[in-house]
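Chains as they are written, first to last, in UniProt numbering: chain A, 1 to 227; chain B, 1 to 227.
Even for Gly, the Cβ is constructed at its ideal location relative to N, Cα and C.
This report concerns only the one structure given below.
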DNA sequence: GCGCATAAATGAGCGTAGTCATTAATGAGT
DNA sequence: ACTCATTAATGACTACGCTCATTTATGCGC
């Protein structure tokens, strides 16, 4: 009531109008409803109607806050990926050799997908194949970029401590980082591809990372010589 | 008419009943209609109604021959993948060093996707994320398995000619092969991820393959020692 | 407070992949 | 040739994601 206009700076926003607050409230409710339903029943089994009901809004309203059902998924799980990357970066900083360091990064992401594999698979799918005009997908891809940069950074450090440096080396590092993400990506999609039924994903990924990192290191000398 | 029963062996099938022939005919028409429409307008832009009309059957009939629209896509492009793999295997046999050999294999698949990238992206999507109870998807994944085996085989040859052999080596080869497919896969999905706008996919893939193969070779000695 | 411009909320409606009760065709037995 | 069981073909219908004309709420100038 006494939220006098001269107190609100339109930037400090301690008291905004009813309107803006109610919108943020709806945004939150929709987000929470989607997150809960996806988590408990899986992306594909949840209808937009249901999300709307749980958030106590009309269907049309859901689509004022998210341009598609997929966008809701991206919105929710980008947060998880963000956390996983942060965790991974911290773990990677501790690890000694480059293989362990890179492995720590991707294992963190792999672990974050332990619960609700079906929904993680859907997230993967939307991240890779969603529509290009999709705000939150772009944000998700930016996170992937961050992950790759973090990996590339560890590789660059390793190269430097092996006495190698320079722009071509960094490019090779980015390349290896991208391959690491590709391996992770396929593994996460894995449940649906039924890849290696018997294999332990953690060990499989570790093995692939080991090969890729060693491959990067093995490429270093010739990189210097041939460029 | 004169398609006497004693002539038809039910296995040689030179003359089957009208029924079976008309079914095969419809199957062919539906397949051809789908292939043509996907090629000329892209998977997502084609409706099942359209496919049905072009094949001169009712919509319901389409779904008697393919359990979903995605299945039609898989059906059509599995053939392309089959051809690409065969081409790749031939090219790989000629190449001298293992990097070139493996590269030849995957480049063949990459090239086969040159025309109609949108539909290839959709094929990739359905292969990786399609429903598990899907005959033609399983067939597609089997082809992927073949590709991986072909790659693994080249790697095993390389290892042998480096004086290394044994079951652990084969496992590492399979692992590297899987990574190679992961890289290819991500690159094919690439157009939609807007990965590296400026990069040449052919060179990018070659670079990744180089790293992976060298990584495999670098892992060999330690494989012997540590196992 | 009052009226008005602007913006948000709504839910019936739309397009499309996929279903299923009904109809049509086939061929084996007589 | 006729009957009838079996199986394919059909298209109206459903489910679901999403849209958009209409309705409702908000805040601002008076």
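Are there 16 or more other CB atoms within 10 angstroms of the CB of residue 135/B, so buried, or fewer, so exposed? Numbered from its first residue, the second chain carries residue 135/B at position 135. Under this definition residue 135/B is an exposed residue.
Is DSSP giving residue 166/A helix, strand or coil here? Here the question's residue 166/A lines up with position 166 in the first chain. Coil, per DSSP.
Contact list for residue 234/B against chain A, beta-carbon separation under 8 Å: Here chain B has residues from 1 to 227 only, and residue 234/B is not among them.
Taking the alpha carbon of residue 27/A as the reference point, which residue from 52/A, 43/A, 133/A, 215/A has its own alpha carbon closest? For the purposes of this step, residue 27/A is identified with residue 27 of the first chain, where counting begins at 1. Ranked by Cα distance from residue 27/A, the options 52/A, 43/A, 133/A, 215/A are led by 52/A.
Quick one: what does DSSP say residue 13/A is sitting in, helix, strand or coil? Along the first chain, one-based indexing puts residue 13/A at 13. Because the pLDDT at residue 13/A is just 45, under 50, the model does not fix this residue reliably, and the value given afterwards should be weighed accordingly. Coil, per DSSP.
In this structure, does DSSP put residue 103/A in helix, strand or coil? Taking the first chain and counting its residues from 1, the one referred to as residue 103/A is at position 103. Per DSSP, reduced to three states, the secondary structure at residue 103/A is helical.
Whole-angstrom distance between residue 111/B and residue 69/A, CA atom to CA atom: By one-based count along the first chain, residue 69/A stands at place 69. By one-based count along the second chain, residue 111/B stands at place 111. Their backbone Cα atoms lie some 34 Å apart in a straight line.
Listed from N- to C-terminal order along the chain, which residues in the region 155 to 173 of chain A have their beta-carbon within a distance smaller than 9 Å of any beta-carbon of chain B? Listed by position, the residues of the region 155 to 173 of chain A near chain B (Cβ gap below 9 Å) are 171, 172.
How many Å lie between residue 137/B and residue 121/B at the Cα? For the purposes of this step, residue 137/B is taken as residue 137 along the second chain, with counting starting at 1. For the purposes of this step, residue 121/B is taken as residue 121 along the second chain, with counting starting at 1. Whole-angstrom Cα-Cα distance: 15 Å.
Along the region 204 to 216 of chain A, what residues have a CB closer than 8 Å to any CB found in chain B? 204, 207, 208, 210, 211, 212, 213, 214, 215, 216: these are the residues of the region 204 to 216 of chain A whose beta carbon lies less than 8 Å from some beta carbon of chain B, given in chain order.
Cβ shell of residue 72/A (< 6 Å), same chain only, five flanking positions each side left out: Stepping through the first chain from its first residue, residue 72/A is reached at position 72. Result list for residue 72/A: 34, 66, in chain order.
Using the C-alpha atoms, what's the distance from residue 36/B back to residue 17/B? For the purposes of this step, residue 17/B is taken as the residue at position 17 of the second chain. For the purposes of this step, residue 36/B is taken as the residue at position 36 of the second chain. So the alpha carbons of these two residues sit roughly 29 Å apart.
For chain B, find out if any of its Cβ atoms is closer than 8 Å to the Cβ of residue 55/A; answer yes or no. To locate residue 55/A, count along the first chain from 1; it is residue 55. In terms of beta-carbon proximity, residue 55/A stays away from the interface with chain B, with every pair separated by 8 Å or more.
Please classify residue 126/B: is it buried, with 16 or more other beta-carbons within 10 angstroms of its beta-carbon, or exposed? As a position in the second chain, residue 126/B is number 126, starting the count at 1. Residue 126/B is buried by the Cβ-count criterion.
Where the alpha helix (DSSP H) containing residue 43/A begins and where it ends: On the first chain, residue 43/A is found 43 positions in, with the first residue counted as 1. Here residue 43/A belongs to no alpha helix (DSSP H), and DSSP marks it neither H nor E.
Measuring straight from C-alpha to C-alpha, what distance separates residue 83/B and residue 75/A? As a working mapping, residue 83/B is identified with position 83 in the second chain. As a working mapping, residue 75/A is identified with position 75 in the first chain. Taking the straight line joining both Cα atoms gives about 40 Å.
Alpha carbon to alpha carbon, what distance is there between residue 182/A and residue 62/A? Here the question's residue 62/A lines up with position 62 in the first chain. Here the question's residue 182/A lines up with position 182 in the first chain. One alpha carbon belongs to residue 62/A, the other to residue 182/A, and they sit about 33 Å apart.
Counting only beta-carbon separations shorter than 8 Å, does residue 133/A have a partner in chain B? To locate residue 133/A, count along the first chain from 1; it is residue 133. So no, residue 133/A is outside the interface.
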